[in-house]
Structure formats: structure tokens, C-alpha cells
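In this note's numbering, the protein residues as written are 5 to 1216.
To keep things clear, I will list the structure first and then write my remarks on it.
Right under this line is the structure:
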């Protein structure tokens, strides 16, 4: 089906919209138009493609297109008739190829760079608004980096965002987080038909609303005084947007179209001062402090390299392979309006040159990178695994009757897994178990055998094995089904993060020495956590780490797939492939097809168990099918959704049905539930991630708060106490890291902290959304809580784990009573913060479903969503008896799943490095990399060459040794230096050779300069002995030419600002010698020139006297004049020489003046003659004939002057 085109919507931030529309700021309107046009120009240059034809390969590769057909439709309101300045850019599916023929557009790059297009537009708009004097502050809009104008409060923007309130209400009704996907569906679900209204009636209404709400503030909040540069003392000018050097006529045309909207006049309310811009509620308004420019520091300008590094740090927490486009988008969003895209690209390229980013060897057209940190982390992880090979003690002897008795009841895969865990001599082993193969039974058997092994007494399994799981819910399930004491992996890592205390280390080793750590759902662990786990296990002398999981199931939220990488790198692994879960043969075959990467065959095998529904009815269809089931079947049926959005819709529809049935009853309780924003460490370090009104929950004791404290963000302030929303000095402090987040604590006191990466560990930032519960509701907890001690004879409450479910029994005025799935009844006070960590439990996401088993499953997958084979396999493999799949398009889903295997490359795989062990210790290599980069940084800071930085020689020697070991020490277990190591070593040695060559070249030049000027006295002595001038000697000309060349090289070197100049500056004993030798050579050259000039000028004077021809017209004058001009500007000639120069200047000036006058008279005579001939052509007596007395007088003057010039005694 031919698609006619695509819509690229570009919307101004709310504050910019208010300035442009509510208050009629025409320049702000034009700034939006120009930002849109510049964005489209950039899309046309960089992203527009079509398909070509390659006859050699008979393929149609993507090629750049020439000319984008696009129409922009500027809208000024939302569907709710609130002010909303945005432009819909409709890109037609037509363009030209290089030969000028019309072709369809290849939209891949445009689709993949949607975030970058939006970031580019916002950056262009921010640049223009900053150029108009506005203060721009970065803000997270949902999960997308954006900006607002300083001075606009959150209350003001929300007051004019009726459409946003509808979307948020839609999300709240369904208990959904504010994400891009959720907001998009909410926008579609709440969209109403657009009504027309003119600005003439809307703008006065908007202004009246602002006036009625009392929204006012000083204009200085928007346009603070320009800061003073601390070094120069001058006012820092406003930035000037890059106009791309457009022709004047094109600039004028763009200024005319599109035409600006006609805005009604801004009427002033009685008593309102002129030029007051409404901004803040009067009730909370405090007079903004006025700052003179001298009191303000420059606006915080992180350099592009810092901005890009921050963007990479944010992205690498979630992805191993990072597309260049995502780095560009994140960097532009991090510092809106401060840098151009080309500066961001230069910073990315520099990180590549310095080795911080390594280009991935991907087969696709997009450039992607892997961070050096990811490569090092993965390499250290593999090294830990390899170091434990053959180093552990088997946990059970080969002839253990108890072992053989226990194995008899297991499948072959289970038996092999138990033998591997108990009998291997490796410290790290893996169990690759397909979904439903009985991994839990296998671990229960291992625990039983460890508790009965040999002479070990019964019931001591707890001392021999401990379970770890990636989530509290998974840990609870593993502990309940295997009997193994299980904690979360995060608990284990945080508890043993710092082992520097000898006493703590000794106690930890006593607890874990020789113990087995069974890590369940290992596929959901990121590389960073896996590396930390293996490092800590080694330090604590753990007996064995057993990684249990399935590489075909969902991967970690954090970056990396270490479980798969470890298997591929040679970790001892056994495979459990005999599926026990699916009792239905058709379901078993479909699950096998999905596991083997054939989703089309799996969907076909499901037959009539696949149901189609319209995209907006997916949740309703699932709910209807569940509600149609008998009560006993409902309890055995799990509803699985691919996203939180669909899960929320299912929950809403199910509750509506249960309310009609009367299962939900009683008065509702509306709770403001908390939704974790899950900031990355990089985001947590940015003040823009914190907004007034957000909720903060503490994970640990920090900043004067205790675990589980719930606080409200009251302000983002600079350390001088000013409000980050309105003060330019706070913007400066934001850039300098001197901003504090103020919190309102429940005890009434104010706490504060400075944003940093550690904040992500200490606390979570939460959005709020309303949730309704009634008696009979099924809920799940979203946060762990250790039960408080029982008081006053009350029953002890149970511990609550994230993911635990319960049924609401009763809602009283003071508390809510629950019944856990285990049958335990407990109450929680209505003012208990734990009650805010709650959600409905009728449906689960596919990520939460991993590890579950259910007799019946009804699942949803969206062909238009982000479904992949891993997600499909997890949904399908949860059911044991009955599986139903609800989709929006069956055929399209199968097609989309075929191209989405869901398996990402590891860091070493992405850069083309094999997973075979390198010949060099990764820790040694990482240290040398760090030492080398430290040397380079110190060289940059000191403006010197790395060659002369302390430690250079030792570091290069060690790096060179790596290259030698690569060639001479390759064993069966290694493959020499991997390409990235080899590239690093070769690069350092190549740079070292360049340093050596540069040093030798500079020393050679210094020696030649010194030797050259010393030859001059010898030439003079030789010439004197022969009774001639030095210039007459045969060797004089070669010596002179060599001197001129050496002097030119020395001048170039001394003025060089690049590598040669920096190298010379660091050679403290060489530079003075070069400067001294150059000065002596220049003096010698000057003396020779003076002598040549005096001799040449004297010859010209004598020849002029003999021939009567002026000197300036004689042959050889040009050479003498060139010398004279150079010597006139030189310093050092004596008085006699200066007298000769003065004589030359006077004679030359006089003769030049005479020559000029001769040419002038000739020209004037020609002009007069021409006019006289014209007058002579007019008949006497005609109307056009008139005597010209002035012309007659002029001609006489010329005749007299010419006769004087031609006289025998005339100087002319």
C-alpha cells in the first residue's frame, strides 16, 4: 500500500507558546517558524533518502535524495482551545534521485531519528529565544529532555493545559506512568473533534483567565540582565543564531512567509503596571530580587564534550550498543540552545579518537558505538569466569548414593544440571533451562543434597546454598518453591559493595566461604551487576556461583546480556530442554517454534486461539474474555500485557465488569499512588530532573531522612537561596553543580541535597496518579517494606515484597484490611506511606510474568508496538493448559516478529572482538588505558606534548610490552590481543614514534640554525683575504638560500599552535637556542640587505645623473625599492644607512608624484578633447548650441601646463 506521506509535528514549549500567543510576542512566533524551517532544512540535508539501483549487486541501496516536498501547517490552539503553538510538517512521499527522476521516499532514517528531529527543533528554538534575551532552563517533559522559559511556574503552565489534564486524567484512571507511548495512546483515547475559534475571541479569554488566576510577575524573570564575564569585565552578548549564510532575497522571503497571525491588542487591566508579564500566582508571589549585571556570573556553559559525555553516561545504563542519533538527541536536549549539532558531532568524534567511544561493526546503515567502560566491564567479567576454572572444590563425590537416588526422579537435563553444580571444579557454572523445564525442581534437589551430603548433618542446606533473584517477587517465589533462603541480587550487591573494612570483610567471608550462590533469572541481569557479582563472590571466597536462566527469555533492563555472553565465552553450561510445563500438545509445539525463532509457525500452530481486535479495543477484549470465564477459571487465568499502558486498560475494564457483578463493593478509596520515574545515575545528577511538586521516597538513610520517608520537592534553589525557576544566577549555579533540591519532610522541617549520581541509590523520584480501590479489589504492592514491630498487643504485620498480591477485605475510616495470597489478614493505616505503593493486580506486564506458571493465560501483543520474539516466547511459555492471544493484526504481527529476534550484541561482539581470552590481563590493560588518557589530559591542561609529561616513558614501555607479548605469548586459551587492544597499542606506539620523529626534527633544525650563522664570519674572512665582497664568493648563494629556508622553518615552528609548537614549548633548553639562532640569522640577512641596498641605490643615482632618466624608470629599481621598503620597517640600521633610506624615500616620492601628474594631465586633456568634439558636432544657432566658457578656460590651462612640462628645463 502506497503511503502518501508522514507527519512531523514540532511543538513549542508551553512557556514559549504563552509568550507568543497569550501576550502577543511576534518575535517569539517568528522564532518558532524559523526553528521549524531550519529543522526541515536539516532533515532534507541529512535524513532524506530514496532507493537507487546497483546493477552489480542487483539491489536497491538507500541513497541521498535531492529535494523534500513538505507543507507546514501552523496551529495555534489545542483541541481544547488552549494556547498551543505547533506546526504539522507533512512530508510528501515523493522526491528526486541524483538524475532528477521522481521517486518515493525511503523513510527509514526519518523514522529512526524522530527523537533527534524533535531535539534539533527544540535546540534551534532555544537558541533563538536565548538570542531574544530569554533565560532557558532544561526540563524533562515526561521522559524526553526539553526546556521551558525561566520564570513560568508549574501552576501557570498547568492552568493553560486542559488537553494535558485530560491526558493525565486518562493515565490516572488506568494507573499508568507518564511515558511517550502511554501519552500517545491517551491522546488518541481522549481526542475530541477540533472546533474552530478565532484569536480575536480566544486571546482576550486567555488573558482574562490569567488575570483571574492572579498570574503575575516581573519581566526580569523572563529576561534577566546579561551577565558580566569575570575575566574581561564586559557584558556577555546575546547569542546570534546561525543563519547558514542565506542570500538576502531568501532571508526576506522567509521573513514574509508564513505570515504571522493577527493578534488582538494587549489591553491592560486597571491598576496593572505597564509591561507586566503574567507569570506567578499572586498568592505565592514574592518580589523577585533584582540583580545588576555585575552581580551575575556567566550563564553556565558546559562545553560540548561534557554534554556528550553526560548523554553517553545516561544512555549506556540501558544500552550496550548506542546509535549515534540517540547520543546527538540526548546531548542537544541536555543543553538546549547552547551548542550547534556540528559541535556535538565534533565532541562525539573526539570521544572516539580518545577511545571513550568505540564504533560498533554493525551491518546496518546507522553508526553506533560501544563505550570503553562497557568493553572493560565485559572483559573483566569474562576474566573472572575464566580465572575460576578448575579452582573450585567439587561439592559432592562421584560415588554418592544419596545423589544417585535423588537423580532418579529427574529428567536428563535436570540430572546433568545437578551433576554440574555439585561436581564441577569451576567457580562459575551455568544452567541454560528452557521455559517450563523444571529449573525450580532442579534447584530444590541441589539444596536437598547439599543438606544431606556425606557427613553433613541434616537441615544444614541454609549454610551451604543461598538464592539470589533480580526482583523481590522472584526471590519470594524461589524461596517458597525450593526452600532456599533467597534475597534480591540488589541487596547482595549493595550490602557488599564496600569491603574495605577488614572486620566486615572477615565476617562476610565467614558467612559465604564455600557457599553456593544460585542466581535465578540470570538473563535479566545486566553486565554491570554480573561483573560486580563475580567480583564480590571471588573476594568473599564463595564456593560456586550458579547462573540459572534462559537466554531466549527477556533480557535485563540494564545494559548487556552477560548470561548469554558467558555461555558463548566458554562458561561450563548444561542445557535443560525437556519441557514439562505445557500439557497441551499444540501449545507445546507452538512454544517450541517460538523458542527456535519461528514466530510465524508458532502463531499458525495456535490456530483459533488467536483473536484479532482493533488497537484501542485490545484491553477491552481481554477483559471481556476473562469476565466470561467461571469463577474458578478466573482464579487460574493470568492476563499478560506487553506494556503498562495495555495493562492499565485491562485493569480498568476488568474492574468495571467486577463492579457490575457486585464483586467490588462498598465506598471507594482514592489514593495518590506513586510511580517511580526510574532515573538513571546521569539523570539523577541533573537539577532539571527534579520538579516542584514531585515526590521523593528514600531507599536508605541519607540527607537527614530515613528509609521509606516520603517528601515533596518544594524548590530547586541555588546555594545563594534564590529560586531556580526565576533567577539567572541559579542558572549559573545549575551549570556549576551548586544547586540544592529542597524537600518538605513530614516532620515539618526542610531537608535538602545536591543532585548527584549517588542520589539514584539513595532515593527515587516519583510521579503521582490517583488510583481507586474498593472492597474485593485485587492489588499488588510496588515496593518492599519490612514490617514494623507489633505494638499494644496488635498482631504482627507481615513483611511486604515488591510484587506481592493481596485482596482488599475492608476499607474503614482509619485503615484498609487486606488478605494476602497466603491467607494472612493484616491492616495498614490510611496515612501509612506504604499504601501509596499500590496497584491493581488483574493484569501483569510480560516482564513481571517472567518466572510465573499459570494453567491459563490470555495475552496481548501489538503488531504496531515494540513486540519482539523474546516477549512473545515469554507470554506463550507461561501457560500450562490453555493459551489465548489477542492481537491487532495477526499477519502483520508474525511479519514484525520475524525481524525482531530480541537479541542484542554484547560490547565485545559489537566491536568485532572475539570472546576468546586475550593474552593480556584485562585489569592491566584497563590500568594502562587510564594511565595513557591521564597523560593526554595533563598534556592538554599544560599545553605541552605528552612526550614530556611525567610518567610517559614508563607507561609507553609497559604498553609496548603488551605488543611484544601479543606476538610471543599466545597460548591455546588465548587469541593474542583482540582488535581493540591491538588498535590501542598500535595507536600509542604510532603516536610515540611521531613524538620521537618530531623531537629529532626540532633538534635537527636547532643544530642547523646554530651551525648556519656561525658560517658567516668564515665567509667574511675568506672574502677579505681575497679582496672581494662575500657576495662574490661561489659558496655565498647556496649559503644564503639555506639560511632563508632555515629561517622560514624556524618562524613557522615558533608560531605553530599545534603539535609541533606544543612539543617545542616543552623543550625548555631547545626553544631559546632556536630563537637566538634565528635572531642572529635575521641580523646577518639584514646587514647583507643594507649593504646590497646602499650599493644598488648608489648605482641608480649615478646612472640617472649620466643619462638624465629618473631613478624610478631605470632597470633594477624594483629590486632596490623592495629592499628599501623592508629595511624602512626594520629596526637597527645606523644613522648613515637611515640617511640613504631617507634619500631614497624622498627621491622616490617626488618622482612618483611627477609621474602621477603627467598621467593625470594626459587623462584630463583627453576628456576635454572629447567634450569639444561633441560641441563641434552641434550646428551653430540651433537650440542645443551654447558657448562653453568653462571648457575653453580648462583647455587653456591644460595647454599651458603641457607646454611647461615639455620645456627644456622642466623637471617633468
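A virtual CB, placed ideally from N, CA and C, is assigned to each residue, including glycine.
Anticipated Cβ contact below 8 Å, residue i with residue j, distance rounded
i: residue 556; j: residue 599; result: 5 Å
i: residue 641; j: residue 862; result: 6 Å
i: residue 396; j: residue 548; result: 6 Å
i: residue 57; j: residue 66; result: The pair is not a contact, with the Cβ atoms about 12 Å apart (cut-off 8 Å).
i: residue 312; j: residue 352; result: 6 Å
Span of the alpha helix (DSSP H), counted from its first residue to its last, around residue i
i: residue 1209; result: 1193–1209
i: residue 707; result: Where residue 707 is concerned, there is no enclosing alpha helix (DSSP H), given that its DSSP letter is neither H nor E.
i: residue 413; result: Unbroken run through residue 413: none, as it is neither H nor E.
i: residue 927; result: 926–946
i: residue 748; result: Looking at the DSSP string, residue 748 is not in any alpha helix (DSSP H); the run it does join, the beta strand (DSSP E), is 743–748.
i: residue 850; result: 850–853
i: residue 897; result: 894–902
i: residue 481; result: 476–486
Residue i: first and last residue of the uninterrupted beta strand (DSSP E) it sits in
i: residue 92; result: 87–96
i: residue 887; result: 883–891
i: residue 321; result: Careful: residue 321 lies outside any beta strand (DSSP E) and carries neither H nor E.
i: residue 11; result: 9–15
i: residue 858; result: 858–865
i: residue 435; result: 432–437
i: residue 669; result: 669–680
i: residue 471; result: 469–473
i: residue 771; result: 767–779
i: residue 833; result: 829–833
i: residue 1032; result: Note, residue 1032: premise wrong, no beta strand (DSSP E); not H, not E.
i: residue 68; result: 66–68
Reference residue i, options the options, closest by Cα
i: residue 570; options: 604, 1049 and 529; result: 529
i: residue 1218; options: 1164, 1148 and 718; result: A query on residue 1218 cannot be resolved here, the shown segment of the chain reaching from 5 to 1216 and no further.
i: residue 1218; options: 1081, 394, 512 and 418; result: This structure cannot settle anything about residue 1218, because the visible part of the chain is limited to 5 through 1216.
i: residue 346; options: 332, 872, 714 and 107; result: 332
i: residue 1022; options: 1012, 1011 and 1034; result: 1034
i: residue 1003; options: 936, 962, 950 and 706; result: 950
i: residue 786; options: 706, 1047, 850 and 680; result: 680
i: residue 526; options: 127, 121 and 479; result: 479
i: residue 836; options: 675, 440, 887 and 469; result: 675
i: residue 497; options: 473, 957 and 127; result: 473
Collapsed DSSP secondary structure at residue i in the structure displayed
i: residue 284; result: The pLDDT assigned to residue 284 is 36, lower than 50, so where the model puts this residue is not dependable; a value taken from the coordinates is nonetheless given after this. In the structure shown, residue 284 sits in a strand (DSSP, three-state: E or B).
i: residue 528; result: helix
i: residue 757; result: strand
i: residue 1143; result: helix
i: residue 310; result: helix
i: residue 452; result: helix
i: residue 343; result: coil
i: residue 33; result: helix
i: residue 785; result: strand
i: residue 533; result: helix
i: residue 600; result: coil
i: residue 124; result: helix
i: residue 815; result: strand
C-alpha gap between residue i and residue j, whole angstroms
i: residue 606; j: residue 902; result: 11 Å
i: residue 693; j: residue 416; result: 52 Å
i: residue 1086; j: residue 939; result: 38 Å
i: residue 1154; j: residue 1160; result: 10 Å
i: residue 471; j: residue 704; result: 23 Å
i: residue 1199; j: residue 1216; result: 20 Å
i: residue 21; j: residue 73; result: 27 Å
i: residue 455; j: residue 425; result: 14 Å
i: residue 894; j: residue 867; result: 8 Å
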